[in-house]
Every structure is written in structure tokens, then in C-alpha cells.
């Protein structure tokens, strides 16, 4: 591949992260999730529980669909077709989120689940391009480019929505503040953003294999391939160990992103303005972390980068869950002389910045490590398994958070689940031999 074509391909592939990240940043984490619990649902405790169930339903559906559609994409050359299809599912579902009013819980959750499934499935097929477009020695930094592009996109979208829809007394385009119309309008912005900025990916990232006509043979051979891969899974022992570890630590990340804004609002009393600022800080630190540690990934390896980020995330979560009453790691810090005029809320800001620094590299290094472990011609199928590993148990964190929050009437106790999942994932990841996994891929 000529240098100019290579750079254009990497740019176009990274633009998909730029295009889809605002959905996670605004709809899932900082804006719509918080709006749902505070305004659409009856109260924040019920809203948190219902939101956790929506995340759980999404996870189960994606876990079921991703390996099957990955195998279909490999056999029939449908990677680009599926990427475009699921992108537009997300765009349509997100656009529809504008319409449910306060009290219309079922409609809001239905639209969100559809949009979230589209978002996750689109990511499967975008990720599957990584081994094709990046040389093995540059996979870490290329994955980092994508994530850093994503966080820049999330940051810009967050800032624009704040200026256009949230901060003004009279929002733009005639939207009012009654019934949260200005907040709901951010979903229209997200949908249009995703539709426009995903176009470079569709145009400039090429498939080596042309799509075939869907028929019974393609279907049956895809399922045969999927069955064969399950049968050969022992050959890829290190990949299997990695995916098992990712079942847990990625569940912790999903829970952070799904409930970060909700936790900030419910436990620390963040206003929408503060949540926007919190989101900006988190996206800045995450983008810098993903870009900077992407180079470290190529030097130290994906496993080491993930473990370092897991440790950082655990520390950040412990700070976040132990500071509402001016306690740090469950110790009253003024009594030990380290308050420095820091309140629990201020420490939560610090915890949020740390989460950003380490969340970006965690996601980027996980994607690049998987790419190193994948044998040729099975990228879509194996990234389907990658999505499966991210979703098969992804209901555990949100489900436990919802149950604990409901039973104890405490978001703080519910969010403690995150640190446990990250810790268990780190323990399992310690048993992965990265060199052996790369050798097995051939």
C-alpha cells in the first residue's frame, strides 16, 4: 500500500471512532442516561435500575448476534454491508430518542436499546478492519489513533451540545426547555453527526473481498465455519484466556460509561452544566491517554498496557466511591492531614480525570491485542467473539449495580461493583502469554 493510500485509510478508519463516540459520550454516559433517570423515569433509583436493565438487554442481544454475523461477514464478504447497516440502525434509534416525553419510559428504553445494539454491532465490523489496514508492528498505535479520534469527536460534540442546547436560556433552532426538549434534541445532533462523519470510512476503507449474493450456501457454510472455530478454540489458548479476562474487566468499563453521569448526578448532585464539564475533562484525558499509550502498547505489548490501565482504573474507582462524605479509601482524610481543602466532590473530579487517562488505553490496547491474536481470513468472526467477550457477561455489572442500588437505596454501593470486576479481570489477564498467542495466529 502506497504511503498516501495508507495514511488515507488509517484516517478514514479512525473517523468511524470520531463519528460514533458522541453516542457513548452524550447518549449513554453524560446526557441522555442522566436525563432518563432524572426526568423520564419516576425517580433516580427506579431510573438507574431501568437503565441497567436496558444495558443488560443490549449486551445479551449483541453477545448472541456478533459471532454469527461475524462468520457471515467472513464467508460472504459482507463486512462493509454490515458496517453500514448497523450504523444506520444506531442513527435511526438515536434520532428516535428525541420523541419520548417524561413518563414514556418504555418508548425511551426501546429506542435506546435499538440504538445501542446498532452502535455495538457497528463497532464489531469497524474493529475487524484493524488487522488488514495496520502492519503488525504498528497495530497498537493505529488502534490508539482510532480511540483518540473518538475522544476528540466526543469532546467536540459535547462542547457543541453544551453551547447550542444546554447553556443558552433560549436554545438554538427553536427548541425550548419545556419537557427537556433541548436535552432530547442532543440525540438529533448525535444522529446527524454519526451519519455525516462515518462517510469517509464507508468510502475509503476498502474490502479485499467483494460481497456475494446471500443464499442458503453462504448461510450454511457460515454456521459450519462458526462451529469449526468453536471446535478449534483450544488451538488459540492465549486468545481464549484473554477473552475470558476481558469478560470481566470490560464489564467494569461498560458499567463506568453507562452510569458515570448518573452517579455524578445522583450522589454528588451534579447539574447538567457540571456533567457537561465533567464529560469534557474525561474526554480530553481519555484522548491523550489513548494516543500516548498507543505507542507504549507497541513497545511493552498489549497485555502490559491493559494491566497498567486496570490498576489505574481500580484506584480511580476507589476514590470515586469513597468520597461522598469526605472519605478517601474509606478513611476520613481530614483526620490524617491530607485534605488540602479538597471536598469529596473535588476528589470525584480527580477520579474522573484518572478514569479518562486509563480508560482510553484500556480499550485501545484490548483491540490491538485481539488483532495480534487473530489468524488471517477470520477477522470478522474473531472480532465477533471479541464483541461476544465484551457483552456475554456485560449484564453482570449493570444488573448487580441496579440490584444493589435498589436494595440499599445507594448508588455509591452499586458503583462499587466496578472495582471488583476490574480486579478480577486483571487477575485472569495475568495468565495470558502474549508471545504464544501471536505465534498461534501465524
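In the numbering used here, the protein residues as written are 12 to 453.
All C-beta atoms in this analysis are idealised placements derived from N, C-alpha and C, irrespective of residue type, glycine included.
- Take residue 428, set aside five residues on each side of it, and the residues of its chain with a beta-carbon closer than 6 Å to its own are 408, 411 and 412, in chain order.
- With a 10 Å radius around the Cβ and a threshold of 16 neighbouring Cβ atoms, residue 146 comes out exposed.
- Assignment of residue 165 by DSSP, reduced to helix, strand and coil, places it in the helix class.
- Contact between residue 27 and residue 209 holds, since their C-beta atoms are separated by about 6 Å, short of 8 Å.
- Of the residues 191, 376, 286 and 360, the one whose Cα lies closest to the Cα of residue 253 is 376.
- With a threshold of 16 other beta carbon atoms within 10 Å, residue 317 meets it and is buried.
- For the pair residue 368 and residue 425, the CB atoms are not nearer than the 8 Å cut-off.
- For residue 276, the uninterrupted alpha helix (DSSP H) run begins and ends at 248-279, by DSSP.
- Counting C-beta pairs with one atom in each stretch, the stretch 33-49 and the stretch 190-210 have three or more that are closer than 8 Å, which means they touch.
- The three-state reading of DSSP puts residue 239 in helix, counting H, G and I together.
- Secondary structure at residue 216: coil, using DSSP grouped into helix, strand and coil.
- Closest by C-alpha distance to residue 18, out of 149, 260 and 301, is 149.
- Proximity to residue 443 across 182, 174, 251 and 161 peaks at 251, based on C-alpha coordinates.
- DSSP places residue 318 in the uninterrupted alpha helix (DSSP H) bounded by 313-332.
- Just so you know, the alpha carbons of residue 257 and residue 436 end up roughly 6 Å apart.
- Assignment of residue 421 by DSSP, reduced to helix, strand and coil, places it in the coil class.
- Under the Cβ criterion (8 Å, minimum of three pairs), the stretch 304-314 does not count as touching the stretch 92-109.
- Apart from sequence neighbours up to five positions away, the residues of its chain that approach residue 46 with a beta-carbon distance below 7 Å are 191 and 194, ordered along the chain.
- Nearest Cα to residue 69 within the set 52, 50, 104 and 56: 104.
- For residue 192, the enclosing alpha helix (DSSP H) has its first and last residue at 192-208.
- DSSP places residue 282 outside both helix and strand once states are collapsed to three, so it counts as coil.
- If you check the CB distance, residue 370 and residue 135 do not come in under 8 Å.
- Scanning the stretch 57-96 from its first residue to its last, no whole alpha helix (DSSP H) run of 4-plus residues comes out.
- In chain order, 122 place their CB closer than 6 Å to the CB of residue 107, counting only its own chain and leaving out the 5 sequence neighbours on each side.
- The C-alpha of residue 73 lies about 30 Å from the C-alpha of residue 292.
- With 16 or more other Cβ atoms inside 10 Å of its own Cβ, residue 21 counts as buried.
- In the DSSP annotation of this structure, the continuous segment of the alpha helix (DSSP H) that includes residue 439 starts and ends at 428-440.
- If you check the CB distance, residue 159 and residue 302 come in under 8 Å.
- Secondary structure note for residue 51: it is in no alpha helix (DSSP H), with a DSSP letter that is neither H nor E.
- Taking residue 185 as the centre and dropping the five residues before and after it, the same chain places no C-beta closer than 6 Å to its C-beta.
- Just so you know, the alpha carbons of residue 173 and residue 418 end up roughly 35 Å apart.
- No residue range can be given for residue 179, since it is assigned to no alpha helix (DSSP H) and is classified by DSSP as neither H nor E.
- Under the three-state reduction of DSSP output, residue 186 falls in the coil class, being neither helix nor strand.
- Residue 450 counts as exposed, since fewer than 16 other beta carbons sit within 10 angstroms of its beta carbon.
- Assignment of residue 365 by DSSP, reduced to helix, strand and coil, places it in the helix class.
- Bounds of any alpha helix (DSSP H) do not take in residue 148, whose DSSP letter is neither H nor E.
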